[in-house]
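Visitor:
2 protein chains.
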Amino acid sequence: MSHASSQAISFFQALQQEIIDAFETLEPTARFEKTEWEHIHGGGGKMQVLRGNVFEKAAVNWSGVHGETFPMDDAKGPFFATGISLITHMKNPHLPTVHMNLRYIETATESWIGGGYDLTPMGCVYPEDKEHFHKTAKKALDTLDPELYPRFFRQAQEYFFLPHRGKERGMGGIFFDHHHSGDFMQDFALLQTVGASFLPAILPIYQKRQSTPYSPEDLVVQSKLRAHYVEFNLLYDRGTKFGFSSRGNPEAILCSLPPSASW
Amino acid sequence: MSHASSQAISFFQALQQEIIDAFETLEPTARFEKTEWEHIHGGGGKMQVLRGNVFEKAAVNWSGVHGETFPMDDAKGPFFATGISLITHMKNPHLPTVHMNLRYIETATESWIGGGYDLTPMGCVYPEDKEHFHKTAKKALDTLDPELYPRFFRQAQEYFFLPHRGKERGMGGIFFDHHHSGDFMQDFALLQTVGASFLPAILPIYQKRQSTPYSPEDLVVQSKLRAHYVEFNLLYDRGTKFGFSSRGNPEAILCSLPPSASW
Chain A
13 MSHASSQAIS FFQALQQEII DAFETLEPTA RFEKTEWEHI HGGGGKMQVL
63 RGNVFEKAAV NWSGVHGETF PMDDAKGPFF ATGISLITHM KNPHLPTVHM
113 NLRYIETATE SWIGGGYDLT PMGCVYPEDK EHFHKTAKKA LDTLDPELYP
163 RFFRQAQEYF FLPHRGKERG MGGIFFDHHH SGDFMQDFAL LQTVGASFLP
213 AILPIYQKRQ STPYSPEDLV VQSKLRAHYV EFNLLYDRGT KFGFSSRGNP
263 EAILCSLPPS ASW
Chain B
13 MSHASSQAIS FFQALQQEII DAFETLEPTA RFEKTEWEHI HGGGGKMQVL
63 RGNVFEKAAV NWSGVHGETF PMDDAKGPFF ATGISLITHM KNPHLPTVHM
113 NLRYIETATE SWIGGGYDLT PMGCVYPEDK EHFHKTAKKA LDTLDPELYP
163 RFFRQAQEYF FLPHRGKERG MGGIFFDHHH SGDFMQDFAL LQTVGASFLP
213 AILPIYQKRQ STPYSPEDLV VQSKLRAHYV EFNLLYDRGT KFGFSSRGNP
263 EAILCSLPPS ASW
């Protein structure tokens, strides 16, 4: 295990706990339940799932796994991958789904980072929430390099897209993959900056909308839009592909899927 | 349009109507609703969807589309593909989901057929239904060649399989792909034989189980198993992949998905 890997693991695990603690402040009584699992080639994960009254289903997972052959096109050979992956499916359709993934990957010859976060309204669309979410991401990234946000914003627009429906998954966000500056500390600072900006980007939205009344018709729309989310995750998501092809834990990979969906 | 293509189209369209008529005899009042669509490169489809009280959702689709480049690995260049594709999602969990697809494909240099049908219980498992379903398929295929059923049975076991869950989708059935004897009339007889055996394979099961009482717990199990069906169709199904990569109608491709599913 390299020093960089250990640093990434500690950071992701601490971030996982920080987000869990913050989410639980919004939830009256239900709490995250932890499941630990071991990977077939070494390493494993800590999956934390909350099924509550505000968060109908939220999953905040950490994993750190070894593999013999990197399963995607951008590298080869033995690898170590560690990351945090989270998603929320809110009971109230006025509260959007949010997703974040941050990862650090190391092979014999190179290492890189990837990830991002994005916001998906489930039928109730608030332009001011989009503005707050993006402004928070921009403000954080601008502290490192003002060229990052426009680039990551564009990459999110391309990545969080459903070709078969000809539409973006939601209101976008930021996305980057196979990112390496040549200096691990600089890459690590980017992971830390994105990670630290996540809660300020989403929590104010949840606090503001939490008590907005909703109708049975709103729930019908929510359920249809959740179906599009399922389609994205199973048809296009790189994390899902990576997870299955690296023989990850199917329960951990699929716990991103919504509590219910309808077609 | 070749003579073989025209024959295949007529056969699939007649089979579509026959199955629709038979399904409607089980349904008190709801009826199939037809949507016609045109393909971007020529041709199109007739999608028929029933949302009723016995069939919570059933789709019986015909399509016949031209394309510039065959989108799968087993052929190249311009092609014509026509087929019938159907699925049922039954309200009563004692009634299994059934799926059938039959297709005829023609390129400049070759033509072949493919398809099959399979049975998926949604929590209520009846070994005698499996036996009836498979016996009907075997009896039909044996009239052509006693080697077909064992081969198609094995291919269905391999194809209707969820690697990430390490389980078969359901109780199996028959499956064949890129099948060509060199004699179109012989291939066409196979399509006709499989097509004609479909209703005798499934209808007696539906008639027998239709009035079996079920509990709210049965519905919870049904909804979880429907989720596995979604996973199969979006992660592995060749028809879904073919549909999207040949720029088919997304509504027609995805109308195989269950009315609801839960994770």
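First to last, the protein sequences are chains A and B. In our numbering, each number is its position in the first sequence, counted from 1, plus 12. In our numbering, each number is its position in the second sequence, counted from 1, plus 12. All C-beta atoms in this analysis are idealised placements derived from N, C-alpha and C, irrespective of residue type, glycine included. Fair warning: this is a prediction, and the values are worked out from it, not measured in the lab.
With H, G and I counted as helix, E and B as strand and the rest as coil, what does DSSP make of B/K103?
Guide: Within the second sequence, the letter at position 91 stands for residue 103 of chain B. The answer is coil: DSSP assigns B/K103 none of H, G, I, E or B.
Visitor: How should A/S272 be labelled, buried or exposed, when 16 other C-beta atoms within 10 angstroms of its C-beta is the threshold for buried?
Guide: As a working note, residue 272 of chain A is residue 260 in the first sequence. Buried.
Visitor: Sort B/F23, B/F35 and B/H53 by Cα distance to B/E45 and report the nearest one.
Guide: Position 33 of the second sequence, counted from the start, is the residue given in the question as residue 45 of chain B. The candidate whose alpha carbon is nearest that of B/E45 is B/F35.
Visitor: With distance defined between alpha-carbon atoms, name the residue in A/D85, A/R238, A/S257 and A/H240 nearest to B/R177.
Guide: Taking the second sequence and counting its residues from 1, the one referred to as residue 177 of chain B is at position 165. With distances taken between Cα atoms, B/R177 lies closest to A/S257.
Visitor: Rounded to whole angstroms, what is the Cα-Cα separation between A/D154 and A/L202?
Guide: The residue labelled residue 154 of chain A in the question sits at position 142 within the first sequence. The residue labelled residue 202 of chain A in the question sits at position 190 within the first sequence. About 11 Å.
Visitor: Name, please, each residue of chain B whose Cβ falls closer than 7 Å to the Cβ of A/W275.
Guide: Within the first sequence, numbered from 1, the residue matching residue 275 of chain A stands at position 263. Simply L266, L269, P270 and P271.
Visitor: Given a threshold of 16 other Cβ atoms within 10 Å of its Cβ, counted over all protein chains shown, does A/E243 qualify as buried or as exposed?
Guide: Taking the first residue of the first sequence as 1, we reach residue 243 of chain A at position 231. It is buried - the Cβ of A/E243 has at least 16 other Cβ atoms within 10 Å.
Visitor: Does the pairing of the segment 149-165 of chain A with the segment 218-229 of chain A give three or more beta-carbon distances under 8 Å?
Guide: Short answer: they don't touch.
Visitor: Would you check if the distance between the CB atom of A/V72 and the CB atom of A/G56 is smaller than 8 Å?
Guide: Counted from its first residue, the first sequence places residue 72 of chain A at position 60. Counted from its first residue, the first sequence places residue 56 of chain A at position 44. Cβ atoms of A/V72 and A/G56: not closer than 8 Å.
Visitor: Just to confirm my understanding: we take B/I32, look at its own chain, exclude 5 residues before and 5 after, and list those with CB closer than 7 Å. What are they?
Guide: For the purposes of this step, residue 32 of chain B is taken as residue 20 along the second sequence, with counting starting at 1. F44, Q60 and V72, listed in sequence order.
Visitor: Where does A/G185 fall in DSSP's three states?
Guide: As a position in the first sequence, residue 185 of chain A is number 173, starting the count at 1. Residue state, collapsed to three classes: strand.
Visitor: Would A/H51 count as contacting chain B if we go by Cβ distances under 8 Å?
Guide: The sequence position of residue 51 of chain A within the first sequence is 39, counting from 1. Not an interface residue.
Visitor: Alpha carbon to alpha carbon, what distance is there between A/F23 and B/D249?
Guide: Position 237 of the second sequence, counted from the start, is the residue given in the question as residue 249 of chain B. Position 11 of the first sequence, counted from the start, is the residue given in the question as residue 23 of chain A. So the alpha carbons of these two residues sit roughly 39 Å apart.
Visitor: Can you list, in chain order, the residues of its chain with a C-beta nearer than 6 Å to that of B/Q234? Leave out the 5 residues immediately preceding and following it.
Guide: Taking the second sequence and counting its residues from 1, one reaches residue 234 of chain B at position 222. These residues qualify, in order along the chain: P105, M134 and G135.
Visitor: Spatial neighbours of B/Y116 within its chain, please: C-beta separation below 6 Å, excluding the five flanking residues on both sides.
Guide: The residue labelled residue 116 of chain B in the question sits at position 104 within the second sequence. Hits under 6 Å: A20, T94 and I125.
Visitor: Assuming A/R115 is part of the alpha helix (DSSP H), what are its boundary residues?
Guide: Indexing the first sequence from 1 puts residue 115 of chain A at position 103. Looking at the DSSP string, A/R115 is not in any alpha helix (DSSP H); the run it does join, the beta strand (DSSP E), is T109 to T119.
Visitor: Following a CB-centred definition, is A/Q29 positioned closer than 7 Å to any heavy atom of the ligand SAM?
Guide: The ligand content of the structure shown is nil, which means the ligand SAM is not present either.
Visitor: Less than 6 Å between C-beta atoms, sequence neighbours within five positions excluded: which residues of the same chain meet that for B/F145?
Guide: By 1-based counting over the second sequence, the position of residue 145 of chain B is 133. Contacts found: L131 and A213.
Visitor: Give, in chain order, every residue of the segment 217-248 of chain A whose Cβ lies closer than 8 Å to some Cβ of chain B.
Guide: The segment 217-248 of chain A vs chain B, Cβ under 8 Å: S235, A239, V242, E243, L246 and L247.
Visitor: Can you look up A/Y129 in the DSSP assignment and give me helix, strand or coil?
Guide: For this step, residue 129 of chain A is matched to residue 117 along the first sequence. A/Y129 falls in the strand class under three-state DSSP.
Visitor: For the segment 170-181 of chain B, list every residue whose C-beta sits within 7 Å of some C-beta in chain A, in sequence order.
Guide: Those residues of the segment 170-181 of chain B that come within reach of chain A (Cβ to Cβ, closer than 7 Å) are H176 and R177.
Visitor: So, helix, strand or coil for A/H176, using DSSP?
Guide: Counting from 1 along the first sequence, the entry for residue 176 of chain A is found at position 164. Three-state DSSP puts A/H176 in a helix.
Visitor: Could you name the residues of chain A that B/P262 contacts, counting a contact when the two beta carbons are closer than 7 Å?
Guide: By one-based count along the second sequence, residue 262 of chain B stands at place 250. In chain order: H176 and R177.
Visitor: For the candidate residues B/E39, B/I265 and B/S123, whose alpha-carbon lies nearest to that of B/G89?
Guide: The residue labelled residue 89 of chain B in the question sits at position 77 within the second sequence. Minimum Cα distance to B/G89 is reached at B/S123.
Visitor: Where do the ends of the beta strand (DSSP E) carrying B/N73 lie?
Guide: By 1-based counting over the second sequence, the position of residue 73 of chain B is 61. Note, B/N73: beta strand (DSSP E), F67 to G79.
Visitor: State the Cα-Cα distance for the pair B/Q222 and B/L246, rounded to the nearest angstrom.
Guide: Position 210 of the second sequence, counted from the first residue, corresponds to residue 222 of chain B. Position 234 of the second sequence, counted from the first residue, corresponds to residue 246 of chain B. So the two alpha carbons sit approximately 29 Å from each other.
Visitor: So is B/F254 in contact with chain A if we call contact Cβ pairs under 8 Å?
Guide: Here residue 254 of chain B corresponds to residue number 242 of the second sequence, with the count starting at 1. Taking Cβ atoms only, chain A never reaches closer than 8 Å to B/F254, which makes this a no.
Visitor: Assuming A/E263 is part of the alpha helix (DSSP H), what are its boundary residues?
Guide: The residue given as residue 263 of chain A occupies position 251 in the first sequence. Run containing A/E263: P262 to L266, per the alpha helix (DSSP H) assignment.
Visitor: Strictly by DSSP, which residues pair up with B/I96?
Guide: If you number the second sequence from 1, residue 96 of chain B lands on position 84. Looking at the DSSP assignment, B/I96 forms a beta bridge with B/W74 and B/L114.
Visitor: Under the rule that 16 or more other beta-carbon atoms within 10 Å means buried, what is A/P108, buried or exposed?
Guide: Within the first sequence, residue 108 of chain A is the residue found at index 96, counting from 1. Buried is the call here.
Visitor: Taking B/I186 as the reference, which of B/F92, B/Q167, B/G255 and B/G54 has the closest Cα?
Guide: On the second sequence, position 174 is the one that residue 186 of chain B refers to. Among B/F92, B/Q167, B/G255 and B/G54, the Cα nearest to that of B/I186 belongs to B/Q167.
Visitor: Where does B/K150 fall in DSSP's three states?
Guide: Residue mapping note: residue 150 of chain B aligns to position 138 of the second sequence, counting from 1. Residue state, collapsed to three classes: helix.
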